[in-house]
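Numbering (full-length UniProt numbering), first residue to last: 1 to 510. All C-beta atoms in this analysis are idealised placements derived from N, C-alpha and C, irrespective of residue type, glycine included. Bear in mind that the values here come from a model prediction, so they are computed numbers and not experimental data. Accompanying notes for the structure given below.
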Amino acid sequence: METVHAIEFRHITKRFGKVVANDGIDLTLDRGEILALLGENGSGKTTLMNMLSGIYFPDEGEILVGGKPAAIRSPKDAYANGIGMIHQHYKLVDVFTAAENIALGLHDGGRLDRREIAARVQAISDKYGFGIDPNKKVYDMSVSEKQTVEIVKVLYRGADVLILDEPTAVLTPQETERLFAILRTMKADGKAIVIITHKLHEVMAISDRVAVLRKGQYIGAVNTAETDPQALTDMMVGHAVTLNIDRPDPVDPKPRLTVEGLTVLDAEGVKKLDGVGFTALGGEILGIAGIAGSGQRELLESIAGLYPIAAGSIRYTPDGAGPQELVGKTPMQIKQAGVAMAFVPEDRLGMGLVGGMGMTGNMMLRSWRRGKGVFVDRKDPNALALKVKESLEVVTPSVDFPVRRLSGGNVQKVLVGREIASSPTVLMSAYAVRGLDINTSYTIYNLMTEQKKKGVAVIFVGEDLDVLLELCDRILVLCGGKVSGVVDARTATKEQVGLMMTRVGGKEGA
Ligand SMILES: Nc1ncnc2c1ncn2[C@@H]1O[C@H](COP(=O)(O)OP(=O)(O)OP(=O)(O)O)[C@@H](O)[C@H]1O
1 METVHAIEFR HITKRFGKVV ANDGIDLTLD RGEILALLGE NGSGKTTLMN MLSGIYFPDE
61 GEILVGGKPA AIRSPKDAYA NGIGMIHQHY KLVDVFTAAE NIALGLHDGG RLDRREIAAR
121 VQAISDKYGF GIDPNKKVYD MSVSEKQTVE IVKVLYRGAD VLILDEPTAV LTPQETERLF
181 AILRTMKADG KAIVIITHKL HEVMAISDRV AVLRKGQYIG AVNTAETDPQ ALTDMMVGHA
241 VTLNIDRPDP VDPKPRLTVE GLTVLDAEGV KKLDGVGFTA LGGEILGIAG IAGSGQRELL
301 ESIAGLYPIA AGSIRYTPDG AGPQELVGKT PMQIKQAGVA MAFVPEDRLG MGLVGGMGMT
361 GNMMLRSWRR GKGVFVDRKD PNALALKVKE SLEVVTPSVD FPVRRLSGGN VQKVLVGREI
421 ASSPTVLMSA YAVRGLDINT SYTIYNLMTE QKKKGVAVIF VGEDLDVLLE LCDRILVLCG
481 GKVSGVVDAR TATKEQVGLM MTRVGGKEGA
C-alpha cells in the first residue's frame, strides 16, 4: 500500500513575472517528522511554504493534504486543512493579551468566552510545555514570548502541519533550545513540522530529513543522520565550497576610535551602557560578544550619534589629523567623518532601507529610524547598486526592483553592501549575517576582512562565538552594559568568552 503523506507537493511551479521562484517542485512531508528546508537566499523556500499556508497559489502543480488534492487559496483554507505557518514577522496586536491574539478572528458572530479561551490556551501550553501567560499583553512580551503566542495560535486553530520560517533568527541560544524541545514534543505527538533555517548546526540538531532547494528547483532530500554540514552546503550551492575564514595579522594597527566612560540611559532611565571604554584600531576586526540585549545595539547607535549619551567620550582619529570628539555631533556629521554603521535590525525594512525603492534608490538614501536626517551619497548610486549586486550576488531582476520584494536574505545583502560601498574608515556591523545563507555569510566575513586589510577599523557585533573567534583579532565582551573584558581572538576559547558573557570579568565567584 502506498503511504499517505501529510503533505505532498506535485510539480509545483510559481512565477513572479520573469522570476521562476519554484520550478516543478516535488516534495513530501510526513507526520511525526521534522523536515528542514534548506537553500541559499532567494532559492524559493518561503515561496513554497507560502503556497502551503495559502498566501500564494501555485501557477502549476498540485498540493495533496493527507493524500487528497487541496485548493489552498487563503490562510483560512490552510487552517481548514490543518496547516499553520509561523512567519518571520509576527502579526500580533500589541494591546491585546496572548489569549485575545490567539482567538482573534475565530469567534466571529459567536460569543467570545474569555474563560474558555484562556482554558484552551492553557491546555495547549501545558501539553507542549510552552509556559505561556494567557493574560499577558503583547507589548510586555519578549520576542521569544511573541513567537510562542504565534505557535500556540496555530495549534489553537487545530494545525497538524506547522511551518516555521527562520524561527531562531531572533532567539538566544537558550530560547532556541527551549523551542527545539517544544518541536520535539510536537513531533512525538504526530505533528508534521517544516523548519526553514540557514543555521546548519540547527539543521543537524533538530531535523530528521533535509530537503534542499537551489534557484527554485528541488535538488533532493537526505536523512539528517546520513549527512553533514559540508555535504549540505555543497548540495545547496551546487559545487564544492570551502568554508574558510582568512585572518591576516593586522598591518600597522593604529587607534581610530577611543571610547571612554560611555554611559547611556534608555527612555525609562535604565542604564544600558555603564562606563564602557575600549579602543578600536584601524586594520583590525574588533568583535563584540554578549548575550542579546547586553548593550550591543546601544553601543553602535551611540557611536553613530543615534543614541543620547549621558556621560563619556568617543574620540575619532582620522588619517593625518588629531582626535576629534564625536559626542555632540549629528549622525550626518559622524557619517561624513567616515564612520559607517551597517546595522541589521530585527525588522530589516524598518530601518535603513525603503522597501518601495529599488537598490539604486536605496544607495542614495540613508534615513535613520529616529528620523535624524537623510544622507545623500554623492557617488553614482546606479554604479554603486550594480557593484553591490555583483559583489554580493544579490538575486534581483534589476537594481530598480523594489527591495521589499526581494527575499529576506537579499534585503540584508543590500543593506550591508551599501555600507561597505561607502568606503568608511570605521565600519560597524551588528548581526550582519542574520538570515543569510552560509555561503553568503562567508562572503560577508571576507568582505569585513577586505575592509580590515584596507586599514578600516571594523567593529563586528556577532552572535556566533565560533565565527567571532575565527574572524576577529580581538573580542570585547559585554555583560549587562559593562565591559567584561577584551580577549585575543587567536588564543581565547569559547568557554572563556561564554563565561565572560554571563559575568563581568568572567571570573567572579570562580
Ligand atoms: N512577491 C514577490 N514578487 C516578486 N518576486 C518575488 C516575490 N516573492 C518572492 N520573489 C522572488 O522569488 C525568489 C524566491 O524567493 P523566496 O523568498 O522564496 O526565497 P527564500 O529561499 O525564502 O530566500 P531567503 O533565504 O533569503 O529568505 C526570489 O528571487 C524573490 O526575489
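At a cut-off of 7 Å, the beta-carbon of residue 211 does not count as near ligand 1: no heavy atom of the ligand is closer than that. Across the set 31, 169, 19, 333, the C-alpha of 19 shows the shortest separation from the C-alpha of residue 43. When DSSP assignments are scanned along the segment 261-304, the uninterrupted stretches of beta strand (DSSP E) that are 3 or more residues long and fall wholly within it turn out to be 271-282, 285-289. Of the other Cβ atoms in all chains shown, 16 or more fall within 10 Å of the Cβ of residue 198; this residue is therefore buried. If the five residues before and after residue 448 are omitted, its C-beta is found closer than 8 Å to the C-beta atoms of 285, 427, 429, 432, 458, 460, 471, all from its own chain and listed in chain order.
The shortest C-alpha to C-alpha distance from residue 423 to any of 484, 114, 340, 466 is the one to 340. DSSP places residue 218 inside the beta strand (DSSP E), whose first and last residues are 217-223. Using a Cβ distance threshold of 8 Å, residue 182 and residue 218 do not count as a contacting pair. For residue 440, the uninterrupted alpha helix (DSSP H) run begins and ends at 438-453, by DSSP. Take residue 21, set aside five residues on each side of it, and the residues of its chain with a beta-carbon closer than 6 Å to its own are 14, 44, 47, 216, in chain order.
The beta carbon of residue 39 sits closer than 7 Å to those of 45, 212, 213, 214, 236, all from its chain and outside the five residues before and after it, given in chain order.
With distances taken between CA atoms, residue 360 lies nearest to 414 out of 106, 414, 4, 57. Between the segment 436-444 and the segment 264-284 there are fewer than three inter-stretch CB-CB distances shorter than 8 Å, so the stretches are not counted as touching. At a threshold of 7 Å, residue 46 counts as near ligand 1, since its beta carbon sits closer than that to one of the ligand's heavy atoms.
Ranking 180, 279, 165, 437 by CA distance to the CA of residue 262 puts 279 first. Residue 51 carries a helical assignment under DSSP once its states are collapsed to helix, strand and coil. The shortest CA-to-CA distance from residue 456 to any of 400, 387, 257, 395 is the one to 257. The beta carbons of residue 11 and residue 29 sit no closer together than 8 Å. A direct Cα-Cα distance of roughly 25 Å separates residue 206 from residue 469. Each residue's CA atom was taken as its position, placing residue 31 and residue 203 some 18 Å apart. The C-alpha of residue 230 lies about 15 Å from the C-alpha of residue 221.
Sequence-distant Cβ neighbours of residue 224 in its own chain, meaning closer than 8 Å and more than five residues away, are 36, 203, 204, 207, 208, 209, 210. Residue range 83-86 is occupied by the beta strand (DSSP E) that includes residue 85. Counting along the chain, the unbroken beta strand (DSSP E) around residue 487 starts and ends at 482-488. In the structure shown, residue 422 adopts coil according to DSSP, grouped into three states. In the DSSP assignment, residue 69 forms a beta bridge with 64. Take the alpha-carbon of residue 419 and the one of residue 388: they are about 10 Å apart. When DSSP states are grouped into helix, strand and coil, residue 405 belongs to the helix group. In the three-state scheme derived from DSSP, where H, G and I count as helix and E and B as strand, residue 106 is classed as coil.
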